[in-house]
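A.B. asks:
2 protein chains.
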Amino acid sequence: DHKQIVLGHGSGGKLTSELIEKIFLPAFSNPILDKLDDQALLNIGDTRLAFTTDSFVVTPIFFPGGDIGRLAVHGTVNDLAMSGARPLYLSAAFILEEGLRVEDLCRVVESMRAAAADSGVHFVTGDTKVVNRGKGDQIFITTTGIGVVEANVNISASRAQPGDCILLSGTIGDHGMAIMSQREGLEFESEIASDCASLHDLVAQMLATPSETTDFLHCLRDPTRGGVATTLNEIAKASHSGMLLHEQSIPVRESVRGACEILGLDPLYVANEGKLLAVVAPEMGEAVLARMRQHPLGRDAAIIGEVVATHPGMVLMKTGIGGTRVLDVMFGEQLPRIC
Amino acid sequence: DHKQIVLGHGSGGKLTSELIEKIFLPAFSNPILDKLDDQALLNIGDTRLAFTTDSFVVTPIFFPGGDIGRLAVHGTVNDLAMSGARPLYLSAAFILEEGLRVEDLCRVVESMRAAAADSGVHFVTGDTKVVNRGKGDQIFITTTGIGVVEANVNISASRAQPGDCILLSGTIGDHGMAIMSQREGLEFESEIASDCASLHDLVAQMLATPSETTDFLHCLRDPTRGGVATTLNEIAKASHSGMLLHEQSIPVRESVRGACEILGLDPLYVANEGKLLAVVAPEMGEAVLARMRQHPLGRDAAIIGEVVATHPGMVLMKTGIGGTRVLDVMFGEQLPRIC
Ligand SMILES: Nc1ncnc2c1ncn2[C@@H]1O[C@H](COP(=O)(O)OP(=O)(O)OP(=O)(O)O)[C@@H](O)[C@H]1O
Ligand SMILES: Nc1ncnc2c1ncn2[C@@H]1O[C@H](COP(=O)(O)OP(=O)(O)OP(=O)(O)O)[C@@H](O)[C@H]1O
Ligand SMILES: [Mg+2]
Ligand SMILES: [Mg+2]
Ligand SMILES: [Mg+2]
Ligand SMILES: [Mg+2]
Ligand SMILES: [Mg+2]
Ligand SMILES: [Mg+2]
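Going line by line, the protein sequences match chains A and B.
Each residue of the first sequence is one higher than the one before, starting from 31 at the first, in UniProt numbering.
Each residue of the second sequence is one higher than the one before, starting from 31 at the first, in UniProt numbering.
#1: In chain B, which residues lie with their C-beta within 8 Å of the C-beta of Cys136/A?
#2: Across the region 331-342 of chain B and the region 58-65 of chain B, are there enough close Cβ pairs to call them in contact, namely three or more that are closer than 8 Å?
#3: Taking Cβ to Cβ, would you say Asp97/B is nearer than 9 Å to Asp252/B?
#4: Determine the chain A residues that contact His39/B at a beta-carbon separation under 8 Å, and present them in chain order.
#5: Could you give the DSSP three-state label for Ser121/B: helix, strand or coil?
#6: Taking Cβ positions only, does Arg116/B come closer than 9 Å to chain A?
#7: Between Leu295/A and Leu275/A, is the Cβ-Cβ spacing less than 9 Å?
#8: Rounded to a whole number of angstroms, what is the C-alpha to C-alpha distance between Ala223/A and Cys369/A?
#9: Measuring straight from C-alpha to C-alpha, what distance separates Arg189/A and Asp245/A?
#10: Under three-state DSSP, which class holds Cys195/B?
#11: Can you give me the start and stop residues for the alpha helix (DSSP H) that Phe58/A sits inside?
#12: Note the first and the last residue of the continuous alpha helix (DSSP H) segment covering Leu63/A.
#13: Give the residues of chain B in contact with His32/A, contact being defined as C-beta atoms less than 9 Å apart.
#14: Just tell me which of Thr46/B, Val132/B, Glu303/B and Val359/B has its CA closest to the CA of Ile35/A.
#15: Are the C-beta of Tyr119/A and some C-beta of chain B separated by less than 9 Å?
#16: Compute the minimum distance between the beta carbon of Met360/B and the heavy atoms of ligand 7, and state whether it is under 8 Å.
#17: Using the beta-carbon of each residue, find all residues closer than 6 Å to any heavy atom of ligand 8 and list them in chain order.
#18: Which first and last residues belong to the beta strand (DSSP E) in which Glu51/A is found?
#19: Specify whether the region 176-188 of chain A and the region 201-220 of chain A touch according to this definition: at least 3 beta carbon pairs, one from each stretch, less than 8 Å apart.
#20: So that I know if they touch, is there some Cβ in chain E lying closer than 9 Å to that of Leu72/A?
#21: Report all residues for which the CB-ligand distance to some heavy atom of ligand 7 is below 5 Å; order them along the chain.
#22: In terms of residues, what are the limits of the alpha helix (DSSP H) holding Lys267/B?
#23: Please confirm if Met142/A has its CB atom under 9 Å from at least one CB of chain B.
#24: Shortest alpha-carbon distance to Thr239/B belongs to which of Ser113/B, Glu316/B, Ala259/B and Gly99/B?
#25: Helix, strand or coil for Cys226/A, going by three-state DSSP, please let me know.
#26: Are Asp148/B and Ala311/B touching if we call contact CB-CB under 9 Å?
#27: Which residues in the same chain as Arg329/B place their Cβ atom closer than 8 Å to its Cβ, once the five residues preceding and following it in sequence are excluded?
#28: Return no unless some Cβ of chain A is closer than 9 Å to the Cβ of His270/B.
#29: Between Phe86/B and chain A, is there a C-beta pair that is closer than 9 Å?
#30: For Thr172/A, count the other beta carbons within 10 Å of its own beta carbon; 16 or more makes it buried, fewer makes it exposed. Which is it?
#31: Any chance the region 116-129 of chain B sits against the region 79-88 of chain A, with 3 or more Cβ pairs inside 8 Å?
#32: Any Cβ of chain A within less than 9 Å of the Cβ of Gln69/B?
Spelled out as structure tokens, the structure:
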């Protein structure tokens with residue numbers, strides 16, 4: 031057991047979930063938190079509210095395809111959207127390091143403004159703190175969001191059932207490799223851009239797929255830290271079901287694949303900031319997929335596997351050469367401070 | 031104009047409000063945010079929600095009377111309470127520095143648990159990030175809160191009117207001087223403890239004061255960063271009214287006064303974390319005061335002045351020796367990282 035916090039505790043993988051399960055959950059436990067969904071669902075009056083928070087500590091703060099501010103808006107909007115919520119309001123709390131260039135702050139704030147406007151959400155409250163030089167890193171932003179979930183929508187990682195289709199909304203690894211390529215000064219740097227985008231509209235389109243099956247959209251998660259492999263493990267664990275993926279169906283850009291090879295990373299474990307995984311009733315898989323492909327953020331969507339009754343709690347993948355590989359949750363600190 | 035962020039931008043005084051007014055408000059402006067109350071009031075369905083966020087970056091993280099975790103609970107509960115809300119749910123986002131002792135994290139989490147239990151609120155969602163050694167300072171916590179405001183309650187800094195009484199719930203400067211005494215190793219260290227406490231129950235008692243005047247509680251604010259003087263300036267500005275205080279009526283502990291003298295600080299500008307300022311209809315001042323004094327957190331409550339029609343937007347104080355002093359908002363960085 032660790033006596034000190036290490037970078038891996040923030041990677042979104044095994045160490046993060048151990049920290050949450052050993053330290054935070056025992057202290058804070060309640061039925062809402064214990065679900066460990068991407069957002070809390072609160073019944074307030076006649077309304078079902080979604081409520082979620084994320085701190086953003088990405089470095090560098092500007093990167094191809096975005097910056098820390100844009101990320102802070104889309105990231106929180108997406109954790110709301112993963113409940114099927116309509117995102118409404120955000121708060122923004124800033125921890126600024128003494129010496130931060132006001133010009134850089136203005137650039138970040140402007141991109142938050144633009145991202146919020148694009149996503150149809152409003153910043154209604156905020157906070158501003160400053161820490162001494164060398165006690166922060168330019169800028170950290172914590173955004174918290176509120177949205178409203180319609181009465182008939184019921185999405186949770188625990189709802190995956192054997193037979194369900196697993197859908198992915200597009201190519202994987204773009205966000206993480208945009209940051210890593212820039213950090214490492216790879217030649218791919220200019221080609222790979224973060225996929226950072228708000229997914230609530232795509233989710234609304236998915237929910238509106240014509241259907242005789244009510245309640246066909248069982249689970250939604252954005253595969254951020256830890257990537258697709260870690261997120262599917264979370265769903266497998268929460269639903270006590272198994273997952274079987276087909277490697278060849280998983281979309282990866284050539285440039286991302288190349289950068290991953292150079293850095294010895296597996297795209298399945300690399301963070302995304304504008305992608306979702308969906309678990310859908312079997313008879314609705316193709317219809318939801320078609321609908322996703324009509325949306326600009328779902329053009330490369332694919333069915334990547336199915337939920338199975340065998341190996342509950344585990345994620346397996348049929349590889350291109352016909353083998354079967356176990357995809358465990360991410361371990362270690364391969365991609366620190368990616369969001 | 032500053033080209034770089036300085037510590038004073040986080041002091042809660044003039045530089046902070048300039049940063050908010052020049053950079054954040056122009057980008058994020060909307061009618062809810064623009065009120066600059068301690069919390070946003072949101073109409074969702076039939077419910078009036080209060081929503082507020084604060085980051086905590088206090089150093090040291092443990093101090094007489096509390097720690098950063100306790101502060102993070104009471105601080106956010108209080109910004110909800112200042113709308114008259116019943117606080118319900120909190121989120122907690124942690125930014126941990128690599129190398130933080132897990133033992134210290136556990137201590138902080140345990141005091142958050144206890145403070146939340148005392149305050150009747152639940153942590154329903156969270157986030158955990160880790161930054162490299164030397165890029166953070168042990169632990170930063172951002173708490174965001176949601177509460178419900180009854181339909182007949184209408185509290186806002188803009189509602190102060192000439193004639194209204196200004197009430198203060200107890201002694202000032204305890205929190206800030208507990209931290210400063212510890213930092214400076216003053217002999218008072220052991221005597222001065224943070225006043226850190228949740229004020230929602232005191233507010234509920236105040237709202238329940240028997241009255242024929244509906245809506246007698248006009249403004250509530252917790253005088254945190256910048257202290258009583260800065261907070262009253264905010265109310266004066268928002269309500270376009272003047273304030274006249276009576277120095278001798280303002281309760282200050284002897285130990286706090288002594289520590290302030292040694293450090294050259296004015297208790298009127300020192301942060302509190304368990305005190306409130308209230309602006310109350312004139313005929314209700316005494317009744318509300320009596321009610322406050324019955325509450326453990328209001329035992330030392332006092333009427334400290336009144337709202338006046340002269341000098342709108344300004345705070346004046348009749349001093350002990352009969353003069354009149356202008357109390358401007360705090361300038362500079364005299365008390366960095368106090369919360
Ligand atoms: N410090 C914490 N205290 C309580 N719950 C936490 C804490 N950190 C995370 N959680 C909970 O653990 C679950 C997973 O959190 P996590 O931050 O990994 O999800 P996410 O926000 O969807 O991912 P990311 O942060 O990579 O965007 C969520 O249910 C969250 O509420
Ligand atoms: N970065 C920001 N963006 C938008 N609004 C902000 C920002 N920082 C502060 N505000 C707003 O400015 C007002 C004052 O904020 P401030 O943090 O001083 O209040 P507080 O939380 O009551 O005090 P403290 O932080 O000392 O506890 C609030 O209405 C808040 O929503
Ligand atoms: Mg997230
Ligand atoms: Mg998520
Ligand atoms: Mg604040
Ligand atoms: Mg506050
Ligand atoms: Mg306040
Ligand atoms: Mg998170």
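Note that the Cβ used here is the ideal one computed from N, Cα and C, for glycine as well.
C.D. replies: According to the data block:
#1: Going along chain B in sequence order, the residues near Cys136/A (Cβ under 8 Å) are Ile53.
#2: Short answer: they don't touch.
#3: The answer is no: Cβ separation not under 9 Å.
#4: Result: Leu126, Thr158 and Val160.
#5: DSSP places Ser121/B in strand when its eight states are reduced to three.
#6: Chain A has no Cβ within less than 9 Å of the Cβ of Arg116/B.
#7: No, Cβ-Cβ distance for Leu295/A and Leu275/A is not below 9 Å.
#8: The alpha-carbon atoms of Ala223/A and Cys369/A are separated by roughly 14 Å.
#9: So the alpha carbons of these two residues sit roughly 11 Å apart.
#10: Strand.
#11: Where Phe58/A is concerned, the enclosing alpha helix (DSSP H) starts and stops at Leu55 to Phe58.
#12: It spans Pro61 to Asp64 - the alpha helix (DSSP H) in which Leu63/A sits, taken as one unbroken run.
#13: Chain B residues near His32/A: Val132.
#14: Per the Cα distances, Val132/B.
#15: Judged by the 9 Å Cβ criterion, Tyr119/A is in contact with chain B.
#16: Flag unset: Cβ of Met360/B not near ligand 7.
#17: Output, sorted by chain position: Asp84/A and Asp157/B.
#18: Here Glu51/A belongs to no beta strand (DSSP E), and DSSP marks it neither H nor E.
#19: When C-beta atoms of the region 176-188 of chain A are compared with those of the region 201-220 of chain A, fewer than three pairs fall below 8 Å, so the two segments do not count as touching.
#20: Reference to chain E is not applicable here, since the protein chains of this structure are A and B.
#21: Taking each Cβ in turn, the ones that pass are Asp68/B, Asp109/B and Asp252/B.
#22: Here the alpha helix (DSSP H) through Lys267/B covers Gly257 to Ser269.
#23: Yes, because at least one Cβ of chain B sits closer than 9 Å to the Cβ of Met142/A.
#24: Nearest neighbour of Thr239/B by Cα position, chosen from Ser113/B, Glu316/B, Ala259/B and Gly99/B, turns out to be Glu316/B.
#25: In the structure shown, Cys226/A falls within a coil segment according to DSSP collapsed to helix, strand and coil.
#26: Not closer than 9 Å, so no.
#27: Taking Arg329/B as the centre and dropping the five residues before and after it, the same chain places the C-beta of Gly200 and Arg323 closer than 8 Å to its C-beta, in chain order.
#28: Chain A, which has no Cβ nearer than 9 Å to the Cβ of His270/B, makes this no.
#29: With its beta carbon less than 9 Å from one in chain A, Phe86/B belongs to the interface.
#30: Classification for Thr172/A: buried.
#31: Under the three-pair Cβ rule at 8 Å, the region 116-129 of chain B counts as touching the region 79-88 of chain A.
#32: Yes, Gln69/B counts as interfacial toward chain A.
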